[in-house]
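Engineer: The listed protein sequences correspond, in order, to chains A and B.
Following my numbering, the numbering of the first sequence begins with 4 at its first residue and continues without gaps.
Following my numbering, the numbering of the second sequence begins with 4 at its first residue and continues without gaps.
2 protein chains.
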Amino acid sequence: MPSAAALDLTNTPHAAVRPVPPAHVRLAPGSFWDQRLRAVQVNGLPSQLRHCQTTGRIRNFERAAGQLQGEFEGYYFNDSDVYKWLEAASYALARAPSAELRQAVERVVQAVRAAQDADGYVNTYFSGPRADQRYRNLRDEHELYCMGHLVQAGIAHRRSLGSDELFDVAVRAADHVCAVFGPQGRPEPDGHPEIEMALVELARETGQRRYLDMALFFVDQRGADPPRLGGLGYHQDHRPVRQQTEATGHAVRQAYLAAGMTDAAMETGDAELLAASQSLWDSAYRRRAYVTGGLGSRYEGESFGADYELPNRRAYAETCAAVAGVLWNARLLAATGHARYADWLETTLYNGALAGVSLDGAAYFYANPLAADPRPAPGDQRGLHSSGAQQAVGAHARQPWYACACCPPNIARLLLSMTGYAYGTSSGGVWVHQFLPGEVEACLPDGQALRLQVETDYPWDGTVRLTIQDAPAQPLTLHLRVPAWAAGASYRIEREGNAGRPVAAAAGAYVRPRRVWRPGTVVHVTLPMPARLIGSHPRVQANTGRAALARGPLIYCLESLDHPGVDVDRLALLPTERLRPVPAPDLPGGLTALTGTAAVLEQRRASNDLYAPLDARPPRAAGDAPLTAIPYFAWANRGASAMRVWLPYLAG
Amino acid sequence: MPSAAALDLTNTPHAAVRPVPPAHVRLAPGSFWDQRLRAVQVNGLPSQLRHCQTTGRIRNFERAAGQLQGEFEGYYFNDSDVYKWLEAASYALARAPSAELRQAVERVVQAVRAAQDADGYVNTYFSGPRADQRYRNLRDEHELYCMGHLVQAGIAHRRSLGSDELFDVAVRAADHVCAVFGPQGRPEPDGHPEIEMALVELARETGQRRYLDMALFFVDQRGADPPRLGGLGYHQDHRPVRQQTEATGHAVRQAYLAAGMTDAAMETGDAELLAASQSLWDSAYRRRAYVTGGLGSRYEGESFGADYELPNRRAYAETCAAVAGVLWNARLLAATGHARYADWLETTLYNGALAGVSLDGAAYFYANPLAADPRPAPGDQRGLHSSGAQQAVGAHARQPWYACACCPPNIARLLLSMTGYAYGTSSGGVWVHQFLPGEVEACLPDGQALRLQVETDYPWDGTVRLTIQDAPAQPLTLHLRVPAWAAGASYRIEREGNAGRPVAAAAGAYVRPRRVWRPGTVVHVTLPMPARLIGSHPRVQANTGRAALARGPLIYCLESLDHPGVDVDRLALLPTERLRPVPAPDLPGGLTALTGTAAVLEQRRASNDLYAPLDARPPRAAGDAPLTAIPYFAWANRGASAMRVWLPYLAG
């Protein structure tokens, strides 16, 4: 059976935890992620394909194949959207067969096949009249980036459908890259990392070391002297990656690069490279990440800001950067088994990434701010820079597509493979990183398997019931993650009529019961989920005097449409004891909102002056108002509304 | 005697207040502004000229004249730096003759003259091989912007030195523009406004209405349908200027455009155009300006942000935008006589603009943040976008020059003409907008004059003594501005041995004593200058829980080098009663610092986590530490240091 895996570490020598492939994970029908994935599959993928067709992205392949006349349409990196769509659709077909989708995939695969040159090169922009301009500008023109996505699509297609139709194209493209680049060839890496991860995965899929070597070569060409890409931090070319310690430049590029570094390190055991990735992670997630897992605080260069520079309205937090963050965390988790990577993976998945797609699966965000207002400033509507990004600015309505459409198929491929990041195996152990209701079959390196049934209403409820359905006769460690937010967590093991004694479990770590697991044994995990208030590091100037509301893995936000007649900027959070989980108003899919009472801050200023003599008195309530908070990922699904994640608070 | 005026409204029909030209204002030697202007004149102008020479800016003119072979050097807008330098140097020569500077000016003037085409066109980039590409791209290529600065330089040269050598070049260039553009010609305005102000001033200088008509045409071509410049807010082309109500896009462009609109409105009495400028001003200064008068909160597009979007470290606040803000406020003040424009003019001049030049006059800032740290993030050092701006990022050391060197000669031309914005006349009235020690001769429309001696240690002391030296025999109103910050102000009139009774004066308005002024009469103005704390509008998220320290017109800041061994982010301001003005440490020129005691905030967090459960307790002092605050304009004159304008405060 094909694995449908995006990340297959079965034979990776230096992985601490090997992911259980999606083919071995079944989401309970109608459960949280099943709904999300179904929406992307049923609405998102067909809509994305139509946009690929109407915007010329498919025609570009037909033109490159000589089947169609006329000019290339769109941006020079548009092939990558088609590859990402193919990757997502392949995972979807492994999850739930569909003759219609399958035919659509095969038609697109044939178009890609036909567009490949005899030498393996494929890029529809640099075809026909521009064929002699290939590889003229690796820094800016994304050819290897696009071929990286082709390779990942080919692998996904093969691993999901057992077909070599697209995989062959990918291998020929990779062989072309290996022939042109390297110690004896061209030295430049691509200005936009991606092919590094892809080539390592291809080495895994084929067992061919030269793809790994090629990836390693690209990784170590960054920061060369003289610089290969101009030496800018934007491209992570300011110094050799092994000496990079601060998350720098374009956030998607940075996270893809670090993910590829981690991939290579797991294959080679290169401790220096792994340490560099971890050091970059420390910078990104200890000082430069949004509470949602969003990465990249600057519109300028779609980039990381300085430490603690985390503006809310002007958060860039590109959906692709959240996707990249999940890929990066998944790899560091696999390389090390450290819970902190599973924590940020969860945070990003449920918040920063998931916010990038609408509840119906067919409308997207490019930037993901943490505060928004329904009416943008006029200058926001049509800016000059960052073509793709600008379309997401303004009133921040979700869009079905973008001229620079990197995000829609990227979030689709991530979500449709997310079950592959929930479980893992190691020698003598099975890991539960994420709590997904359904079933999992974890195959151990020795060929034996553990089958688990997982029952939970996570993320709405923290009670998780894991029933052993089948297990080896030898002792086995069950590594159960206790999320960092789950203060007061416990677990107990019920077997043969014995309910078991609750054992306290430290948050932000794995508990590791080890025993011979008999079928019928139930592990009960209890993760208390009171509503809670989060505070920022005091250096985060945007959040001084503010708190974020959270429950379980979910960050919550306020939308003004739940607070008619109230100025949301006068609402202040109160201690959370009296907040109640209730069904979210006017939102489909059984979402849980939090309701209760907020303080309405006293309005003291007589004037509306921008600056005035300081009123040094602490904020005070003038009254109260009903409060409704919804999960951040679900914002902007009900029309124009102001939205706030970080709110003032009163100690009560 | 030449007036040396940048803005001459002598014959402008719809001006409420006409500026007294710099030729009639003498700064007391050694006084605050005299020191600043002298530094720019003695150190700044020669240094700037050397940079214009070594970077090819002068050679470009020689090449365009056919006197030199080779390629154009630098950016296509570099001519404007030379024109701005000529404008500044002209004012300087009117202030203090210098044979050396005069010769340098005349050599540059001859180079410009020689580079002009027979048809009047002059732009050294579009010369020689590129001559056939003229006006191919008005949106981006700054040809009219450059010619606007040529016109202003020509006018300044004539009004300062009585010579027509450069003025003739300017007139021929303007005539060329009038021949090419207009209702019967090309419709596009320049993507970077500037020529609008210049053409109106040329109409004033020549009495020729067609220059004014040309300016008005350009003003009203913005926001046309179809758009002339692409329709972006960046270029203020998103809607007709008369319908624009929000300060939008590139801040320098916006402020220059609005200044030009105000200029045109004063000539024609166009109330709609004046109202549009005032409406844009409301947006800029009531919701989008820094407390320093800095404009433009986004690096992206060097642009205005949304209302209340005023990040401190990432304040863009380009020096040129502060210059533009002064020009805009000066024009609105002249058009209306409203004190609010004089207030922001003062705030900008003493803070946001003056910070753009070092105390020695020869090193500059491009961006002017309100918080900075000595070590930048690696990505800040070499960014991708905004070539000019990026050079000013990083550790924010002042630079003697920039590849995009708009700011150095711009702040020079502003400061060397700033005495022209201090006083005004109207029918039967003389206006004191700014308090400059020295002498002024205000010539009234009826030909009579008021001569005043002004004695004050402003901005360090708020005691101002205005002695009437000569006055008409008729009653005259003295419009004396009481700054918005001057709570508790008063004035008294001492004459013929009678000390006079103090009269309370409302802040943010003019007091208007009217009488026959006899020589020897002294008006004593008392503007109390305690140190004070300023608070922001509650929607300014960056300043929640923070205050800025100010005294008189000056905003103060902390530099870490005055606080060795202390984490400046733990310092909190206390009530200001015990702060004392003292000579600033290690800073030349008699600057006044504020010293006293700051609270050191309790350090509560056990961990350094970016996010943690909220600690809802209000901040509390763990101890105290000596505090030294220096004027914001003087920061970064003593080497690398952290700097903060907005600090936490404790109610005490």
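Backbone N, C-alpha and C fix where the C-beta goes; we use that ideal spot for every residue, glycine too.
Keep in mind the model is a prediction, meaning the values are calculated, not measured.
Could you check whether the Cβ of B:Q544 sits closer than 8 Å to any Cβ belonging to chain A?
Structural biologist: Position 541 of the second sequence, counting from 1, holds the residue named residue 544 of chain B. Output row for B:Q544: interface = yes.
Engineer: Measuring CA to CA, which of B:M4, B:L12, B:P5, B:A177 is closest to B:L335?
Structural biologist: Looking up residue 335 of chain B in the second sequence gives position 332. The shortest C-alpha separation from B:L335 is found at B:L12.
Engineer: Which residues of chain B have a Cβ atom closer than 8 Å to the Cβ of A:D612, listed in chain order?
Structural biologist: For the purposes of this step, residue 612 of chain A is taken as residue 609 along the first sequence, with counting starting at 1. Neighbours of A:D612 on chain B, chain order: R289, H540.
Engineer: Please compile the residues from chain B whose C-beta is within a distance smaller than 9 Å of the C-beta of A:G432.
Structural biologist: Working through the first sequence from its first residue, we reach residue 432 of chain A at position 429. Ordered by position in chain B, no residue passes the 9 Å Cβ test against A:G432, which lies about 28 Å from the chain.
Engineer: Could you round the C-beta distance between A:W649 and A:A587 to whole angstroms and report it? I think they count as a contact, below 8 Å.
Structural biologist: Reading the first sequence from its first residue, position 646 is the one you call residue 649 of chain A. Reading the first sequence from its first residue, position 584 is the one you call residue 587 of chain A. Between A:A587 and A:W649 the Cβ distance is about 20 Å, and since that is not below 8 Å, they are no contact.
Engineer: Note down the Cα distance separating A:Q187 from A:Y138, rounded to an integer number of angstroms.
Structural biologist: The count along the first sequence starts at 1 and reaches residue 187 of chain A at position 184. The count along the first sequence starts at 1 and reaches residue 138 of chain A at position 135. Looking at the two C-alpha atoms, the distance is approximately 16 Å.
Engineer: Just to confirm my understanding: we take B:A279, look at its own chain, exclude 5 residues before and 5 after, and list those with CB closer than 7 Å. What are they?
Structural biologist: Position 276 of the second sequence, counted from the first residue, corresponds to residue 279 of chain B. The residues are V244, R245, Q247, M264.
Engineer: Any beta-carbon of chain D closer than 8 Å to the one on A:A91?
Structural biologist: This model lacks chain D altogether; the protein chains it does include are A and B.
Engineer: Roughly how far, in whole angstroms, is the beta-carbon of B:A177 from the beta-carbon of B:L215, given that I think they are within contact range, below 8 Å?
Structural biologist: Residue numbering aside, residue 177 of chain B sits at position 174 when the second sequence is read from its first letter. Residue numbering aside, residue 215 of chain B sits at position 212 when the second sequence is read from its first letter. No, B:A177 and B:L215 are not in contact; Cβ-Cβ is about 11 Å, not under 8 Å.
Engineer: When you compare the CB positions of A:A333 and A:L10, do they come within less than 8 Å of one another, or not?
Structural biologist: Numbered from its first residue, the first sequence carries residue 333 of chain A at position 330. Numbered from its first residue, the first sequence carries residue 10 of chain A at position 7. Yes. Within cutoff.
Engineer: Would you mind sorting A:N14 into buried or exposed? The rule is 16 or more other CB atoms within 10 Å of its CB.
Structural biologist: Numbered from 1 along the first sequence, position 11 holds the residue referred to as residue 14 of chain A. A:N14 should be labelled exposed.
Engineer: Give me the chain B residues within the contact set of A:A292, using Cβ-Cβ distance strictly less than 8 Å, ordered along the chain.
Structural biologist: The residue labelled residue 292 of chain A in the question sits at position 289 within the first sequence. The contacting residues are L613.
Engineer: Output yes or no for whether 8 Å exceeds the beta carbon distance between A:A408 and A:H54.
Structural biologist: As a first step, residue 408 of chain A must be located in the first sequence, where it is residue number 405. As a first step, residue 54 of chain A must be located in the first sequence, where it is residue number 51. Yes; because the gap between Cβ atoms is below 8 Å, this pair is in contact.
Engineer: Helix, strand or coil for A:F184 per DSSP?
Structural biologist: Locating residue 184 of chain A in the first sequence gives position 181, counting from the first residue. Looking at A:F184 - three-state DSSP - the assignment turns out to be strand.
Engineer: Kindly indicate the opening and closing residues of the beta strand (DSSP E) around A:E442.
Structural biologist: For the purposes of this step, residue 442 of chain A is taken as the residue at position 439 of the first sequence. Counting along the chain, the beta strand (DSSP E) containing A:E442 begins and ends at 441 to 446.
Engineer: Applying the 10 Å Cβ sphere with the 16-neighbour rule, what's the burial state of B:Q606?
Structural biologist: Indexing the second sequence from 1 puts residue 606 of chain B at position 603. Result: exposed.
Engineer: Could you tell me which of A:V543, A:H566, A:P25 sits nearest to A:D627, measuring between CA atoms?
Structural biologist: Taking the first sequence and counting its residues from 1, the one referred to as residue 627 of chain A is at position 624. For A:D627, the nearest C-alpha among the options comes from A:H566.
Engineer: If you run the structure through DSSP and keep just helix, strand and coil, what is A:C409?
Structural biologist: For the purposes of this step, residue 409 of chain A is taken as the residue at position 406 of the first sequence. Note: A:C409 maps to coil in three-state DSSP.
Engineer: With a cut-off of 8 Å, does the C-beta of A:G185 fall near any C-beta of chain B?
Structural biologist: On the first sequence, position 182 is the one that residue 185 of chain A refers to. Chain B, which has no Cβ nearer than 8 Å to the Cβ of A:G185, makes this no.
Engineer: Are the C-beta atoms of A:L650 and some chain B residue less than 8 Å apart?
Structural biologist: As a first step, residue 650 of chain A must be located in the first sequence, where it is residue number 647. No, its Cβ sits nowhere closer than 8 Å to a Cβ of chain B.
Engineer: Quick one: is B:R647 buried, meaning 16 or more other Cβ sit within 10 Å of its Cβ, or exposed?
Structural biologist: Along the second sequence, one-based indexing puts residue 647 of chain B at 644. It is buried - the Cβ of B:R647 has at least 16 other Cβ atoms within 10 Å.
Engineer: Check the DSSP bridge columns for B:G538 and list the partner residues they point to.
Structural biologist: In the second sequence, residue 538 of chain B corresponds to position 535, counting from 1. Answer is A:A615, bridged to B:G538.
Engineer: Please classify A:G500 as buried or exposed, where buried requires at least 16 other C-beta atoms within 10 Å of its C-beta.
Structural biologist: As a position in the first sequence, residue 500 of chain A is number 497, starting the count at 1. Classification of A:G500: exposed, given that the 10 Å Cβ count is below 16.
Engineer: What did DSSP end up calling A:E349 once you bin it into helix, strand or coil?
Structural biologist: Numbered from its first residue, the first sequence carries residue 349 of chain A at position 346. The answer is helix: DSSP assigns A:E349 an H, G or I state.
Engineer: Round the Cβ separation of A:A121 and A:A67 to the nearest angstrom and send it over; I've been treating them as touching at under 8 Å.
Structural biologist: Start at 1 with the first residue of the first sequence, and residue 121 of chain A comes out as number 118. Start at 1 with the first residue of the first sequence, and residue 67 of chain A comes out as number 64. 13 Å between Cβ atoms; not a contact.
Engineer: What is the DSSP secondary structure of B:V174, counted as helix, strand or coil?
Structural biologist: Against the second sequence, residue 174 of chain B aligns to sequence position 171. Residue state, collapsed to three classes: helix.
Engineer: Rounded to whole angstroms, what's the CA-CA distance from A:N126 to A:A173? Just pull it up for me.
Structural biologist: By one-based count along the first sequence, residue 126 of chain A stands at place 123. By one-based count along the first sequence, residue 173 of chain A stands at place 170. Cα to Cα, A:N126 sits roughly 12 Å from A:A173.
Engineer: Taking the straight line between their C-alpha atoms, what separation do you get for A:G328 and A:I496?
Structural biologist: Within the first sequence, numbered from 1, the residue matching residue 328 of chain A stands at position 325. Within the first sequence, numbered from 1, the residue matching residue 496 of chain A stands at position 493. The straight-line gap from Cα to Cα measures roughly 34 Å.
Engineer: Mind pulling the chain A residues with CB within less than 8 Å of B:I537?
Structural biologist: Locating residue 537 of chain B in the second sequence gives position 534, counting from the first residue. Under the 8 Å cutoff, chain A gives Y614, A615, P616, L617.
Engineer: Taking buried to mean at least 16 other C-beta atoms within 10 Å of its own C-beta, is B:L71 buried or exposed?
Structural biologist: Here residue 71 of chain B corresponds to residue number 68 of the second sequence, with the count starting at 1. Exposed, because fewer than 16 other Cβ atoms sit within 10 Å of the Cβ of B:L71.
Engineer: When DSSP builds the beta bridges, which residues end up paired with B:R1?
Structural biologist: Here chain B comprises residues numbered 4 to 655, so residue 1 of chain B is not present and cannot be evaluated.
Engineer: Counting only beta-carbon atoms, is B:N315 nearer than 8 Å to chain A?
Structural biologist: To locate residue 315 of chain B, count along the second sequence from 1; it is residue 312. Chain A, which has a Cβ nearer than 8 Å to the Cβ of B:N315, makes this yes.
Engineer: Alpha carbon to alpha carbon, how far is A:L232 from A:R517? Give it in angstroms, no decimals.
Structural biologist: Numbered from 1 along the first sequence, position 514 holds the residue referred to as residue 517 of chain A. Numbered from 1 along the first sequence, position 229 holds the residue referred to as residue 232 of chain A. Distance between the alpha carbons of A:R517 and A:L232 is about 50 Å.
Engineer: Could one say the Cβ of B:D572 lies closer than 8 Å to chain A's Cβ atoms, at least one of them?
Structural biologist: Reading the second sequence from its first residue, position 569 is the one you call residue 572 of chain B. Yes, contact with chain A.
Engineer: When DSSP labels each residue in this structure, what does B:D656 get in the three-state scheme?
Structural biologist: Residue coverage of chain B in this structure runs from 4 to 655, which leaves residue 656 of chain B outside it and unanswerable.
Engineer: With a threshold of 8 Å between beta-carbons, can B:D383 be considered close to chain A, or not?
Structural biologist: Within the second sequence, numbered from 1, the residue matching residue 383 of chain B stands at position 380. Confidence is the limiting factor: at B:D383 the pLDDT is only 47, short of 50, which leaves the residue's position unreliable, though a coordinate-based value still follows. Cβ-Cβ to chain A under 8 Å: yes for B:D383.
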